[in-house]
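*Asks:*
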Amino acid sequence: MITPGADTKGALPEREKNSLVTVHYVGDPMCSWCWGIANSVRSLAQLCQQRGFQFVLTNGGLRAGGGDKWNAAFRNFLRHEWQQINLVTGQPFSYSLLELEFFNYDTEPACRAVVSASLIRPESKLHFFHETQKKFYTESADPKLPGFYQSICEESGIDFADFKKVFESRAALLETYNEFRQAREYGVNAFPSILVEKSGVMQKVITGYSSEEEILRRVLESEARIK
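full-length UniProt numbering applies: residue 1 is where the sequence shown begins, and numbers increase by one.
(1) With distances taken Cα to Cα, identify the nearest neighbour of S110 among E154, R75 and L62.
(2) Quick one: is R184 buried, meaning 16 or more other Cβ sit within 10 Å of its Cβ, or exposed?
(3) According to DSSP, is N86 helix, strand or coil?
(4) For V21 versus K227, is the C-beta spacing smaller than 8 Å?
(5) Measuring straight from C-alpha to C-alpha, what distance separates L195 and I206?
(6) Using a 10 Å radius around the Cβ and a threshold of 16 neighbouring Cβ atoms, would you call R15 buried or exposed?
(7) Is it the case that the Cβ atoms of L44 and I215 are separated by a distance below 8 Å?
(8) How is the beta strand (DSSP E) around I194 delimited, first residue to last?
(9) Whose C-alpha, out of K144, W70 and T176, is nearest the C-alpha of T132?
(10) So D28 and F191 are in contact, right, with Cβ under 8 Å, and what is the actual spacing, rounded?
(11) Our contact map puts G60 next to V115 with C-beta atoms below 8 Å; I'd like the distance itself, whole angstroms only.
(12) DSSP state of M1, grouped into three classes?
(13) Where does P13 fall in DSSP's three states?
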């Protein structure tokens with residue numbers, strides 16, 4: 001485990017430490033501001049590919065297990081939040097979910113779906129994460145239901161029957177909670193968060209909303225600053 005901001009020299013061979021740069025994105029498919037910066041995150045992943053950085057997506061588990069009462073106060077909070085995000089970022093939202101008499105805002109299954117997809121096809125992880133966000137926020141569909149993911153699997157080149165089997169497995173559940181734990185070990189307690197890891201040092205560079213220009217600039221500045 002790398003302690004955020006700590007120097008862990010000796011954990012990796014020197015030549016590996018000096019060449020390895022990892023950009024960590026910690027989010028949740030049902031985190032509203034994560035949807036707000038979704039396009040910026042894809043641009044960040046492209047930047048990492050261009051620069052030879054590793055890009056790692058970790059599911060944080062915003063409301064794993066639910067816990068918030070589906071009452072007028074919570075629905076009004078979500079409505080205000082979504083309207084604000086739409087105003088700031090232009091990201092679209094469907095508000096029909098907020099008309100339901102009951103909805104369990106448990107984000108664990110959506111995170112587990114992303115993990116399941118990555119266990120089958122690792123390179124699909126960010127795409128699957130993004131498409132899960134998009135379907136939830138623009139269609140008000142329920143990510144707790146396996147059928148929610150059928151169209152996303154088709155778009156991602158994943159056999160839905162294989163996905164469903166993994167999604168319902170104990171292995172996927174354990175790996176999902178491993179990611180939640182990893183996020184906490186990074187020192188992340190708010191989403192979205194972006195961290196840069198280099199030479200055994202990890203720095204948190206973004207927490208919450210920032211513009212695409214700001215995200216890319218701060219990631220590059222952090223990478224250059226860590227020796």
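Built from N, CA and C at the ideal position, the CB exists for glycine as well.
*Replies:* According to the data block:
(1) Translated into positions along the sequence shown, residue 110 becomes position 110. What sits at residue 110 in the sequence shown is Ala, not Ser. Here the closest residue by C-alpha is L62.
(2) Within the sequence shown, the letter at position 184 stands for residue 184. The residue is exposed, with fewer than 16 neighbouring Cβ atoms inside 10 Å.
(3) Indexing the sequence shown from 1 puts residue 86 at position 86. Residue state for N86 is assigned as helix, using DSSP reduced to three classes.
(4) By one-based count along the sequence shown, residue 21 stands at place 21. By one-based count along the sequence shown, residue 227 stands at place 227. Going by C-beta atoms, V21 is not nearer than 8 Å to K227.
(5) Position 195 of the sequence shown, counted from the start, is the residue given in the question as residue 195. Position 206 of the sequence shown, counted from the start, is the residue given in the question as residue 206. Distance between the alpha carbons of L195 and I206 is about 7 Å.
(6) One-based indexing of the sequence shown puts residue 15 at position 15. Bear in mind that a pLDDT of 35 at R15, under 50, signals an unreliable position, so the number given afterwards is only what the model happens to contain. Within a 10 Å sphere around the beta-carbon of R15 sit fewer than 16 other beta-carbons, which makes this residue exposed.
(7) Against the sequence shown, residue 44 aligns to sequence position 44. Against the sequence shown, residue 215 aligns to sequence position 215. Yes; because the gap between Cβ atoms is below 8 Å, this pair is in contact.
(8) Numbered from its first residue, the sequence shown carries residue 194 at position 194. Under the DSSP assignment, I194 falls in the beta strand (DSSP E) whose first and last residues are S193 to K198.
(9) Numbered from 1 along the sequence shown, position 132 holds the residue referred to as residue 132. The shortest C-alpha separation from T132 is found at K144.
(10) The sequence position of residue 28 within the sequence shown is 28, counting from 1. The sequence position of residue 191 within the sequence shown is 191, counting from 1. Indeed, because the Cβ distance is near 5 Å, the residues count as touching under 8 Å.
(11) Taking the first residue of the sequence shown as position 1, residue 60 is located at position 60. Taking the first residue of the sequence shown as position 1, residue 115 is located at position 115. In fact, because the Cβ distance is near 12 Å, the residues do not count as touching under 8 Å.
(12) The sequence position of residue 1 within the sequence shown is 1, counting from 1. Reliability of the predicted coordinates at M1 is poor, the pLDDT of 29 falling under 50, and the value obtained from them is presented with this limitation in mind. In the three-state reduction of the DSSP assignment, M1 falls in the coil class, being assigned neither a helical nor a strand state.
(13) In the sequence shown, counting from the first residue as 1, residue 13 sits at position 13. Residue placement at P13 is poorly supported in this model, since its pLDDT is 43, which falls under 50; the coordinates still yield a value, given next. For P13, the three-state secondary structure derived from DSSP is coil.
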